[in-house]
Every structure is written in C-alpha cells, then in structure tokens.
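Below: one structure, written as structure tokens.
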Amino acid sequence: MPQDIQPQTTDVLPFSQACENNKAPILAVLKTAFANTKQVLEIGSGTGQHAVYFAANLPQLFWQTSDQAQYLEGISARCLQQGHQLGVHNLGLPITLDVSLPWPINGPHIDAVFSANTLHIMSKPKVEAFFNGLGEYLPRLNTLCLYGPFNYQGHFTSDSNRRFDDLLKQRDSESGIRDVEWIVTLAQAQNLTLVEDIAMPANNRLLHFKHLLA
Ligand SMILES: C[S@@+](CC[C@H](N)C(=O)[O-])C[C@H]1O[C@@H](n2cnc3c(N)ncnc32)[C@H](O)[C@@H]1O
Numbered sequence: 000m001p002q003d004i005q006p007q008t009t010d011v012l013p014f015s016q017a018c019e020n021n022k023a024p025i026l027a028v029l030k031t032a033f034a035n036t037k038q039v040l041e042i043g044s045g046t047g048q049h050a051v052y053f054a055a056n057l058p059q060l061f062w063q064t065s066d067q068a069q070y071l072e073g074i075s076a077r078c079l080q081q082g083h084q085l086g087v088h089n090l091g092l093p094i095t096l097d098v099s100l101p102w103p104i105n106g107p108h109i110d111a112v113f114s115a116n117t118l119h120i121m122s123k124p125k126v127e128a129f130f131n132g133l134g135e136y137l138p139r140l141n142t143l144c145l146y147g148p149f150n151y152q153g154h155f156t157s158d159s160n161r162r163f164d165d166l167l168k169q170r171d172s173e174s175g176i177r178d179v180e181w182i183v184t185l186a187q188a189q190n191l192t193l194v195e196d197i198a199m200p201a202n203n204r205l206l207h208f209k210h211l212l213a
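Here numbering that gives the first Met the number 0 is used: the first residue of the sequence shown is 0, the next is one more, and so on.
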C-alpha cells in the first residue's frame, strides 16, 4: 500500500502513518519468525519507526538499521530521540546501504533480514541485487521477512493495489508491485525457501523465508 513518508525538518521526525498502522500486526508475526534471531539487518529503514518499535518489543535481538544515504539523518534522529525515550539499547544507528552497491556489512553477525515496502520501490535489477547481496554478504543468514504488497502470477490482489501500482509507475516507470513467484525464485537461488505467506491488513503480505541449510 502507499507509503507516506513525510520529509524531515529540523525538529520533526520523518513520519509514516502506514508504519503506525502496520507495526503491531507485523510485530505479531516477527515475534515467532525472529524467536531465535540474534541480529537483524533492516534494509530500507525509511522513517525508523519500525526499527524503534521492533527493537523495543524484541529485546532478545539487536536491530541494525540501514538505508540509502538521504534517509540516514532522519533515521538517526528517530533512533536517538525515540529510542532514548523508550530506553532501547538494542538498536543500531543506520548504516548506508544501497542494495545495488557493495554492502558495508559485517555479515557473520547477521542471522536475519527484515525489509518492508522496498521491493516495489526498487527497479527489477535492484531487486535482483537485493537477493544477490543476501547471498554474497550474509553467510549466517537463516531468516528473511519481507513485508509489502505482492502480486500472484501477475494479478493484483485488490483494486487499491492496482491503483497503487499505477501511481508507482507514474513516479518511476521501473518500480511496481512484484510477483511472489519471482521473489520466491530469487530467494531460492540464495537457498532461501518460503515457509509462510501471511495475509496482512490493507492487502499486504508478509513473506517469511528460511535458509535451507540453517
Ligand atoms: C516506501 S519506503 C519504505 C520505508 C519503510 N521500510 C517503511 O515500511 O515505511 C522505501 C524504502 O526503500 C528504500 N530503498 C529504495 N531503493 C533502495 C536501494 N537501492 N537500496 C536500499 N534501499 C532502498 C528507500 O530508501 C526507502 O527507505
């Protein structure tokens, strides 16, 4: 569904109403999917709202934020301000990570990846780079959770997702809602298998993958 990230000003943190709406339903899934996880890399942290909330509510793990350079200031501000208010100690300030560039990652510590509402923003070559990067840089990866809108065999799951896809393509002709089947194929090439495909509010899905060798 549409994301509504508001730009950062000097005294207002970047904010997405969609994140406020979806964070509790996502957490309910992550509590099980990340039950044995020690360190999560979030790709495309956006406003940082998910990161602060999930770190606060999953105290057994460490949550590392990341995004493209232009988002780092806002994510840092949210992690520092809101993370401090909530007494969160398991949250990493963001690192610059563009999936299509070399990943600046200390990979052996990371056993899970979370990414929300990113694959329909990225071009198809960048989605491929996302999955290639998982295999190249994260040798201990055993869990991958992807949240967002997805199609099945080219079919939209709702009229609102169809309209959202039109909007995406008006903004960037290379963006668009991705087929679950294609994502599963890209994941399988990195030895990741789909174990759950969960219906989420507002016509979104949560795709939970496990590493075959984990
Ligand atoms: C719609 S926002 C979603 C942000 C947040 N995860 C959320 O759910 O609100 C899309 C995110 O994808 C990130 N993104 C787009 N292209 C990327 C790339 N090549 N590498 C890493 N992140 C990228 C953007 O920087 C942005 O944070």
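We treat Cβ as the ideally placed atom computed from N, Cα and C, and that holds for glycine. Keep in mind that this is a model prediction, so the values were computed, not measured.
Residue i and residue j closer than 7 Å at C-beta
i	j	result
I25	Y136	no
V39	W62	yes
L143	V112	yes
A54	N89	yes
D110	T36	yes
Pick from the options that is closest to residue i, judged by C-alpha positions
i	options	result
T118	I182, A27, M199	For the record, residue 118 in the displayed sequence is Leu; it is not Thr. The residue with the shortest Cα to Cα distance from L118 is I182.
T46	V87, V39, P13	P13
V87	D110, T31, N150, L60	L60
M103	L166, S65, K37	Before going further, note that residue 103 is Pro rather than Met in the sequence given. Looking at the Cα atoms, S65 is the closest of the given residues.
R77	I94, E180, Q48, A68	Q48
P148	S174, V51, L71	S174
N141	Q16, P107, Y70, D165	P107
Q80	M199, R204, V11	V11
G132	Q69, N190, L71, P58	N190
L71	H83, R139, G43, Y52	G43
L57	H83, A68, K30	K30
M121	G73, D171, L212	D171
E180	V194, Q169, K168, G153	G153
Residue i: CB within 6 Å of a non-hydrogen atom of ligand 1
i	result
D97	yes
I120	yes
A115	yes
K125	yes
G86	no
Y136	no
Y70	yes
Chain D within 7 Å of residue i, Cβ atoms only
i	result
A68	No chain D is part of this structure, which consists of one protein chain only.
Flag this pair as touching only if the segment 178–192 and the segment 204–211 have three or more C-beta atom pairs under 8 Å; answer yes or no.
yes
Determine, using beta-carbon pairs with one atom in the segment 91–100 and one in the segment 155–166, whether at least three such pairs fall under 8 Å.
no
Contact between the segment 123–134 and the segment 88–95 (3+ Cβ pairs under 8 Å):
no
Could you name each continuous beta strand (DSSP E) segment of 3 residues or more that falls completely within the segment 81–142, going from the start of the chain to the end?
90–95, 111–115
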